[in-house]
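Report on the structure given below.
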Amino acid sequence: MSTTDLDGASHEPEKHYDRVHEAWRLIMGEEFHYGYFATPTTPLEQATAALTAQMLQRAGIGAGDRVLDVGCGTGRQACDLVEEYDARVLGITTSGAGVAAATELAASRGLPGATFEQRDGTDNGLPDGSFDVVWALESSHLMRDRRALLSEAARVLAPGGRLVLCDIINRRRIPFLEVRARRDDFAVLRAAFGDAHMLPLSDYTGWLEELGLQVSDATDISDETLPTFEAWRSNCATHEQQVVELIGEQARDEFVRSCDILEGLWNDGTFGYGILGAAKP
Amino acid sequence: MTADRVRGVIATFLTGAKKAFDPELPGDTDLYGGGLELDSLEAAELSAMLEDEFGTDPFSAGEEMPETVGEVLAFYEAAATA
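Protein chains in written order, with my numbering: chain X, 1 to 281; chain L, 1001 to 1082.
Written out as structure tokens, the structure is:
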């Protein structure tokens, strides 16, 4: 899950990134994304690993595969893919601080096969057909031009290559007057998680088919991801003192409120979570 | 009510939202893609700000949603002459 600065403070970017990231790590766990819960009481670490496993199952990554991790965040996923699957992974993010942190992580783990560059997923500038797998874990919701993201993914895939993507989705159209009535809630989410835009899973699959990819599956896993919010709230309470020291009381409160809002939007069928796999013929 | 007052409210909103915009706010400026790039939440926030200022707003008046700055101005111009 991508997050943003909540306290509005101005800091040297890399240090600030580390400070905020440390808070999110305490709240969201080491893998830093939603969980796929077998039961509501499944531990968060187990659930986040299960979501990654859902992605891996669709990606079919083998030794030597060239993987593009779009919106690589902290670089944790890219490093894991290199270490566990002997893949060669390029992680890209628009955040310079993210590239620095991810590069440092790969060096600390002794993983030269994991490299990171500052690039835009919607206009990545990488050569055609240069990857076996494009991996986008919870990064697409921050990219305004979603079709461009998918087009770029399709372009850089080699024939036979696979795209795997999971993210928050929109499960129904929200009428304008409802957006207006609930604007305070949506503004809280924007403050906590950045300028996110959710789309229906069918938009992703429609665009992929237009781009000539074969969608192998597109699955709504909203029910399986719902317990994530309770787990995050619980971690906020468990690590309250440390979280407040790192990001401040206001940011902590806004994060907890955003969990409540998102949980409500999951429960009323507005937002949810989807995962898909597609292949380039 | 003058077009300048309406433009002033739009400019105040855009400044607060950290949006890049032409200070003249020409009438043909698109509110969404290719122009001010408002998303639905930002349009809702601008709608509320206009209503707070003028008592009504073109986004929630039940008619066609405005697409350009000029259409916002035209809504208030029509209201003033009605």
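Just so you know, even glycine gets a beta-carbon here, dropped at the ideal spot from N, CA and C.
Would you report the Cα separation of Thr3 of chain X and Glu1077 of chain L, rounded to the nearest angstrom?
Looking up residue 3 of chain X in the first sequence gives position 3. Looking up residue 1077 of chain L in the second sequence gives position 77. Since pLDDT at Thr3 of chain X reaches only 41, below the 50 mark, its modelled position is unreliable, and no value is offered.
Restricting to Cα atoms, I'd like to know which of X:Asp145, X:Val156 and X:Asp120 is closest to Gly129 of chain X.
Looking up residue 129 of chain X in the first sequence gives position 129. Of the listed residues, the one whose Cα sits closest to Gly129 of chain X is X:Val156.
Would Gly272 of chain X and Asp220 of chain X qualify as a contact pair, given that the criterion is a beta-carbon distance under 7 angstroms?
Within the first sequence, residue 272 of chain X is the residue found at index 272, counting from 1. Within the first sequence, residue 220 of chain X is the residue found at index 220, counting from 1. Result yes, Cβ atoms of Gly272 of chain X and Asp220 of chain X sit closer than 7 angstroms.
From the beta carbon of Val1072 of chain L, is the nearest beta carbon of chain X less than 7 angstroms away?
The residue you call residue 1072 of chain L lines up with position 72 of the second sequence. Not one chain X Cβ lies under 7 angstroms of Val1072 of chain L.
Using the three-state DSSP reduction, which class does Tyr273 of chain X fall into: helix, strand or coil?
Numbered from its first residue, the first sequence carries residue 273 of chain X at position 273. In the structure shown, Tyr273 of chain X sits in a strand (DSSP, three-state: E or B).
Would Ala181 of chain X be called buried (16 or more neighbouring beta carbons within 10 Å of its own) or exposed?
If you number the first sequence from 1, residue 181 of chain X lands on position 181. With fewer than 16 other Cβ atoms within 10 Å, it is exposed.
Quick check: what's the CA-CA separation for Gly125 of chain X versus Arg119 of chain X?
As a working mapping, residue 125 of chain X is identified with position 125 in the first sequence. As a working mapping, residue 119 of chain X is identified with position 119 in the first sequence. Between Gly125 of chain X and Arg119 of chain X, the C-alpha separation is close to 8 angstroms.
Among L:Ala1061, L:Asp1022, L:Gly1016 and L:Ala1044, which residue has its Cα nearest to the Cα of Gly1034 of chain L?
As a first step, residue 1034 of chain L is located in the second sequence; it is residue number 34 there, counting from the start. Checking every option, the nearest Cα to that of Gly1034 of chain L belongs to L:Asp1022.
For chain X, find out if any of its Cβ atoms is closer than 7 angstroms to the Cβ of Ala1061 of chain L; answer yes or no.
As a working note, residue 1061 of chain L is residue 61 in the second sequence. By this cut-off, Ala1061 of chain L is not an interface position.
Cα separation between Trp41 of chain X and Cys236 of chain X?
Along the first sequence, one-based indexing puts residue 41 of chain X at 41. Along the first sequence, one-based indexing puts residue 236 of chain X at 236. In the sequence under discussion, the amino acid at residue 41 of chain X is Thr, which differs from the Trp named in the question. So the two alpha carbons sit approximately 17 angstroms from each other.
Could you please give me the residues that DSSP links to Cys370 of chain X through a beta bridge?
The requested residue 370 of chain X is not part of the displayed model; chain X covers only 1 to 281.
Quick one: give me the first and last residue of the beta strand (DSSP E) that Ile92 of chain X is part of.
Position 92 of the first sequence, counted from the first residue, corresponds to residue 92 of chain X. Taken as a continuous stretch (DSSP letters only), the beta strand (DSSP E) holding Ile92 of chain X covers Arg88 to Thr93.
Quick one: Cα of Gly35 of chain X to Cα of Asp217 of chain X, how far?
Position 35 of the first sequence, counting from 1, holds the residue named residue 35 of chain X. Position 217 of the first sequence, counting from 1, holds the residue named residue 217 of chain X. Spanning the two alpha carbons is a distance of roughly 19 angstroms.
For Met198 of chain X, which residues in the same chain have their Cβ closer than 7 angstroms to its Cβ, ignoring the five residues on either side in sequence?
Within the first sequence, residue 198 of chain X is the residue found at index 198, counting from 1. Cβ within range, chain order: His141, Ile168, Ile169, Asn170 and Phe271.
Name the chain L residues that come within less than 9 angstroms of Val188 of chain X, Cβ to Cβ?
Looking up residue 188 of chain X in the first sequence gives position 188. Under the 9 angstroms cutoff, chain L gives no residues; its nearest Cβ is about 11 angstroms from Val188 of chain X.
Would the beta-carbon of Arg58 of chain X fall within 7 angstroms of that of Val164 of chain X?
Position 58 of the first sequence, counting from 1, holds the residue named residue 58 of chain X. Position 164 of the first sequence, counting from 1, holds the residue named residue 164 of chain X. Their beta carbons are under 7 angstroms apart, which means Arg58 of chain X touches Val164 of chain X by this criterion.
Tell me, please, whether the CB atom of Leu1041 of chain L is closer than 7 angstroms to any CB atom in chain X?
Position 41 of the second sequence holds residue 1041 of chain L. Interface with chain X (7 angstroms Cβ-Cβ cutoff): Leu1041 of chain L is included.
Would you say Leu44 of chain X and Gly29 of chain X are within 7 angstroms of each other, going by their C-beta atoms?
Reading the first sequence from its first residue, position 44 is the one you call residue 44 of chain X. Reading the first sequence from its first residue, position 29 is the one you call residue 29 of chain X. The answer is yes: Cβ separation under 7 angstroms.
With a threshold of 7 angstroms on Cβ separation, who are the neighbours of Asp195 of chain X within its own chain once the five nearest residues in sequence on each side are excluded?
Your numbering for residue 195 of chain X matches position 195 in the first sequence. Closer than 7 angstroms at Cβ, skipping near neighbours: Leu142.
Phe176 of chain X touches chain L at which residues, Cβ-Cβ below 9 angstroms?
Along the first sequence, read from residue 1 onward, the residue named residue 176 of chain X stands at position 176. Within chain L, the residues near Phe176 of chain X are Ser1040, Ala1043, Ala1044, Ser1047, Phe1059, Ser1060 and Met1065.
According to DSSP, is Glu1063 of chain L part of a helix, a strand, or is it coil?
Here the question's residue 1063 of chain L lines up with position 63 in the second sequence. Coil, per DSSP.
Report yes or no: is there a C-beta of chain L within less than 7 angstroms of the C-beta of Arg173 of chain X?
Mapped onto the first sequence, residue 173 of chain X falls at position 173. So, not an interface residue.
Would you list the one or two residues that DSSP bridges to Asp123 of chain X?
As a first step, residue 123 of chain X is located in the first sequence; it is residue number 123 there, counting from the start. According to DSSP, Asp123 of chain X bridges with X:Asp120.
Mapping DSSP to helix, strand and coil, what is Asp1052 of chain L?
In the second sequence, residue 1052 of chain L corresponds to position 52, counting from 1. Helix, per DSSP.
Kindly indicate if chain L contains any beta-carbon less than 7 angstroms away from that of Arg180 of chain X.
Residue 180 of chain X sits at position 180 when you count from the first residue of the first sequence. True, the Cβ-Cβ gap to chain L drops below 7 angstroms.
What three-state label does DSSP hand Leu265 of chain X in the structure shown?
One-based indexing of the first sequence puts residue 265 of chain X at position 265. If DSSP states are grouped into helix, strand and coil, Leu265 of chain X belongs with the helices.
According to DSSP, is Ser226 of chain X helix, strand or coil?
Taking the first sequence and counting its residues from 1, one reaches residue 226 of chain X at position 226. The sequence given here places Leu at residue 226 of chain X; Ser does not occur at that position. The answer is coil: DSSP assigns Leu226 of chain X none of H, G, I, E or B.
From the DSSP secondary-structure annotation, give me the bridge partner or partners of Gln214 of chain X.
Taking the first residue of the first sequence as 1, we reach residue 214 of chain X at position 214. Its beta-bridge partners are X:Ala279.
Can you tell me whether Thr48 of chain X is helix, strand or coil according to DSSP?
Locating residue 48 of chain X in the first sequence gives position 48, where the first residue counts as 1. In the structure shown, Thr48 of chain X sits in a helix (DSSP, three-state: H, G or I).
Is Glu281 of chain X buried or exposed, if buried means 16 or more other CB atoms sit within 10 Å of its CB?
Working through the first sequence from its first residue, we reach residue 281 of chain X at position 281. A quick correction: the sequence has Pro, not Glu, at residue 281 of chain X. That one is exposed.
For the candidate residues X:Thr228, X:Ile261 and X:Leu262, whose alpha-carbon lies nearest to that of Ala49 of chain X?
The residue you call residue 49 of chain X lines up with position 49 of the first sequence. For Ala49 of chain X, the closest C-alpha among the options X:Thr228, X:Ile261 and X:Leu262 is that of X:Thr228.
Nearest by alpha-carbon distance to Trp24 of chain X: which of X:Ala278, X:Thr205, X:Ala192 and X:Gly206 is it?
Walking along the first sequence from the start, residue 24 of chain X turns up at place 24. That would be X:Ala192, whose Cα lies nearest to the Cα of Trp24 of chain X.
Apart from the five residues just before and just after Thr122 of chain X, which ones in its own chain have a Cβ nearer than 7 angstroms to its Cβ?
On the first sequence, position 122 is the one that residue 122 of chain X refers to. Same-chain partners within the cutoff: Met143, Asp145, Ala148, Leu149 and Glu152.
Check the DSSP bridge columns for Phe186 of chain X and list the partner residues they point to.
In the first sequence, the residue the question calls residue 186 of chain X occupies position 186. Its beta-bridge partners do not exist; DSSP assigns none.
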